[in-house]
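Let me begin by presenting the structure, written as structure tokens, before commenting on it.
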Amino acid sequence: MPSCAPRAFPLLLCARAAALTARQASPPRWAPASASAQPPPPALLTFDCTGTLFVPRLSVGALYKAALVDAAAAGPHAAAAGALDPDALSRAFGEAYAQAERVWPCFGAGALPSAEWWRQVVRQTFERAGAPVATLEALLPEAFDALYHRVFVSTESWRLTEGAEETLRALSEWRQAQPEGERMAVGVISNWDERLPTLLEELGIAQHMDVVITSRQASVEKPSADIFQRARAAAGVAADARAVHVGDSFSKDVVGAAGANWEALHLISQRQLDQCSASELARMDSIPHKRIFSLLELPQALGLELA
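Structural data, given as structure tokens:
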């Protein structure tokens, strides 16, 4: 396993990663046989966003209900808004989102503004969950405005995952120590719309990114290899240079990266791994990738060390 030299990454980050690794029930698949076996650092490292760099603070249903309740205030529709079930709203959101994705992929890219795409998803969510028509007519404009322009692009609804801030900061410090022409590019590839850069700023991690590629911008989404090649081109990285993608979705991140001839790092918890069936594990093992249980393990997984 690579050593954690101070010139590579802060000692605290390395110590935490080592402690986390020691707690795992089984050895991570990325563990190298020796430091000498490590390839050169990647020319490009990208991250998925939702589930990898940040996660929701509350359920979608809870956030949608809160927006409608706030819009109702103490008015005549307050009781109807307050009676909505957050779990029912979450289920309805999943259905409405899936339908919109089928009709207008990539948040309506090339067909309609993303705000209109989301407006229809929000309306369908409330309707499917049983919100009265009169209540929606009165409250939806204000509730949608809050959800689209504030709630889902701020720390009100999102928080960074464990180790995200520390790892990104350590990567930036390490990159600054490298010769300018040899610095690894870092970015995100996410099935998101054009509001993602705003959210990255709000979360305090935008400064660590060289490229931000969204499915809305690219008109293609993971797991298509095209969106990965868009990221490579945007970063100015040669087609044959080493590129690595980190994500929590096997079907989108791992399969997509492997299909683009990138290396893939699957971020998965031990609990999630234990819940996988034998057939699921066999399928995962059929696609080349490495596995990490926390972003704190990323430096070692990439073999980033300097003598």
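Counting in the working numbering, the sequence shown runs from 430 upward without gaps. Glycine is no exception: its CB is placed at the ideal position from the N, C-alpha and C atoms.
Check, Outcome
"Residue 610 - DSSP class collapsed to helix/strand/coil", "helix"
"Cut-off 7 Å between Cβ atoms - residues of its own chain near residue 627, not counting five sequence neighbours on either side", "582"
"Span separating the alpha-carbon of residue 658 from that of residue 522", "31 Å"
"Simplified DSSP state of residue 677, which is helix, strand or coil", "coil"
"Continuous alpha helix (DSSP H) stretch holding residue 371: start and end", "Summary: the structure shown does not reach residue 371, with the chain confined to residues 430 through 736, and so no result is reported for it."
"Sequence-distant residues of its chain with Cβ nearer than 6 Å to residue 685 (five each side left out)", "651 and 652"
"Supposed close pair residue 617, residue 642 - CB separation, criterion 8 Å", "7 Å"
"At least three beta-carbon pairs within less than 8 Å, the segment 526-539 to the segment 561-577", "no"
"Three-state secondary structure (DSSP) of residue 623", "coil"
"Beta-carbon gap between residue 693 and residue 674 smaller than 8 Å", "yes"
"Where the alpha helix (DSSP H) through residue 565 begins and ends", "562-578"
"Bridge-paired residues (DSSP) for residue 485", "587"
"Residue 554, DSSP secondary structure in three states", "helix"
"CA-to-CA distance, residue 562 to residue 726, given in whole angstroms", "50 Å"
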